[in-house]
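Residue numbers (UniProt numbering): 1 to 537. Below: one structure, written as structure tokens.
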């Protein structure tokens with residue numbers, strides 16, 4: 001089977017480093033979005049300005065955002081580095097950061113009120129950034145320490161050493177978090193908050209679109225969104241119940257406007273696929289499907305910037321804001337998180353940002369339409385190349401982009417030169433024609449970086465195939481590669497992730513696919529399990 005993988009970007013480049021950093025931040029935040037949503041619901045209903053104020057239930061709002069969410073982020077980040085052991089040490093360390101921040105603010109407020117009893121004291125700083133800083137440090141150093149005495153512990157003392165070493169190191173990391181890290185994060189949050197307030201007070205917040213919109217197209221937005229906007233937005237939301245910062249990156253309007261422009265004025269495969277991509281982007285929240293369209297003609301990024309600035313300006317003027325992050329960036333998620341009394345502003349901001357992006361993009365596409373038609377007739381459609389560049393920017397393949405390529409009839413074009421040969425050399429026996437399994441298959445895992453999104457869609461597809469085939473007794477789940485524990489009978493991954501998955505679960509049968517949503521390997525898996533069931537009947 002030919003396996004699709006994105007061409008590797010140059011190692012050590014700034015863009016790749018930012019992508020990896022953003023991916024790690026995203027991996028810590030995204031699994032905990034349900035907790036943020038739950039907190040947003042409590043805020044919407046039960047605080048003083050909520051739909052149904054309830055002093056008792058509103059008492060959950062503060063502890064959830066101040067303790068629960070940072071500790072969940074810390075545990076997730078630590079477990080990404082060193083499984084459960086890393087997660088526990090990371091959570092201990094993060095509690096030190098939280099307590100240290102609280103003490104610093106309490107001391108500051110005491111001095112402030114002593115000098116001026118009428119002064120407004122500082123509120124709590126919620127340690128999202130603190131957790132994202134100290135969690136990987138705590139987990140990695142715990143992993144490093146364990147390697148120092150690995151194989152040197154006398155038999156029978158392993159549990160004693162494991163428990164006390166993690167407890168003692170957690171204690172040490174909590175002290176580290178209590179003093180320098182808490183001081184660092186409080187200062188960083190103060191600087192970032194001041195910068196955002198300055199932009200708001202001077203009506204310059206729309207200028208952030210000049211950075212955010214191009215960053216999205218080149219997959220550099222995760223570091224901005226999860227590293228800055230989500231922590232700052234959450235801080236604002238605890239004080240006022242809402243934040244405009246949650247809308248800076250999540251607004252689906254600019255992407256919709258661009259895809260509508262291609263629907264009317266595009267050429268070739270780009271025009272044919274744009275309507276379906278618009279539905280996926282606007283309702284499904286998968287923004288990356290519009291990135292290839294922007295890369296086909298980079299001047300279209302100007303249309304995205306214009307639309308983004310329009311949306312931000314509308315929300316600034318009319319008070320549009322969300323209670324909590326909208327993830328994924330679907331119009332459904334945006335409306336679900338819209339703050340009380342802000343629906344008109346938020347909806348109008350989406351509509352206007354889509355309209356402005358559409359108009360600017362339409363002018364650009366119309367002006368170059370003759371050249372685009374001539375180029376298509378001469379050398380073929382450039383859409384496949386745009387998809388390849390998008391996957392290169394992302395640094396890995398994408399099920400959404402693979403489906404887009406399939407819809408455009410460019411499956412062969414999306415495989416870079418040498419991919420088939422590389423796959424043939426690296427793929428396990430399972431990737432050859434016909435699957436062979438020595439042990440019964442009853443537990444199948446789809447694995448990807450975060451264990452969400454594309455792997456969840458693939459698991460759903462295979463479950464439906466088993467159901468249609470009348471095969472029962474087979475569980476199909478999705479997980480992050482880091483969480484593979486060796487219990488899976490069969491692991492399905494995208495080709496460029498198979499080596500990592502095999503290292504995590506060496507005794508499992510491994511299958512590489514190029515497209516989680518539609519792979520011929522699924523039929524082979526179903527047939528293999530059917531043969532096993534028939535032989536046992």
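The C-beta atom is built at its ideal place from N, Cα and C for all residues, glycine as well. Given the structure is predicted, the values throughout are model-derived calculations rather than measurements.
With respect to the C-alpha of residue 289, the residue from 296, 67 and 277 having the closest C-alpha is 277. Between residue 210 and residue 303, the gap from beta carbon to beta carbon reaches 9 angstroms or more. Taking C-alpha positions only, residue 488 is separated from residue 143 by approximately 25 angstroms. Within its own chain, the residues whose Cβ lies closer than 7 angstroms to the Cβ of residue 124, once the five positions on either side in sequence are excluded, are 66, 102 and 105, listed in chain order.
Remark: C-beta atoms of residue 444 and residue 484 do not approach each other more closely than 9 angstroms.
In terms of CA proximity to residue 186, 232 leads the group 305, 200, 232 and 118.
Here residue 327 really is in contact with residue 30; their C-beta atoms are around 7 angstroms apart, less than 8 angstroms. DSSP links residue 23 through a beta bridge to no other residue.
Just so you know, the alpha carbons of residue 308 and residue 200 end up roughly 16 angstroms apart.
If you ignore the 5 residues before and after residue 189, its C-beta comes within less than 8 angstroms of the C-beta of 125, 129, 231, 232 and 235, all in its own chain and listed in chain order.
Annotated as distal: residue 27 and residue 78, with beta-carbon spacing of 9 angstroms or more. Close CB contacts of residue 229 within its chain, under the 8 angstroms cut and outside five residues either way in sequence, are with 245, 246, 248 and 249 (chain order). When the alpha-carbon of residue 127 is set against those of 157, 116, 519 and 91, the nearest one is in 91. Secondary structure of residue 278 (DSSP, three-state): helix.
Residue 491 has 445 and 510 as its beta-bridge partners, per DSSP. For residue 369 and residue 507, the gap between their C-alpha atoms comes out near 55 angstroms. Per DSSP, the unbroken alpha helix (DSSP H) holding residue 186 starts and ends at 182-201. Residue 234: member of the alpha helix (DSSP H) spanning 230-240, first to last residue. Three or more beta-carbon pairs drawn from the region 473-481 and the region 454-463 are found closer than 8 angstroms, and the two stretches are therefore classed as touching. The three-state reading of DSSP puts residue 479 in strand, counting E and B together. Scanning its chain for C-beta atoms nearer than 8 angstroms, with the 5 sequence neighbours on each side dropped, one finds around residue 373 the residues 267, in chain order. Residue 243 carries a strand assignment under DSSP once its states are collapsed to helix, strand and coil. If you draw a straight line from the Cα of residue 495 to the Cα of residue 513, it is about 6 angstroms long.
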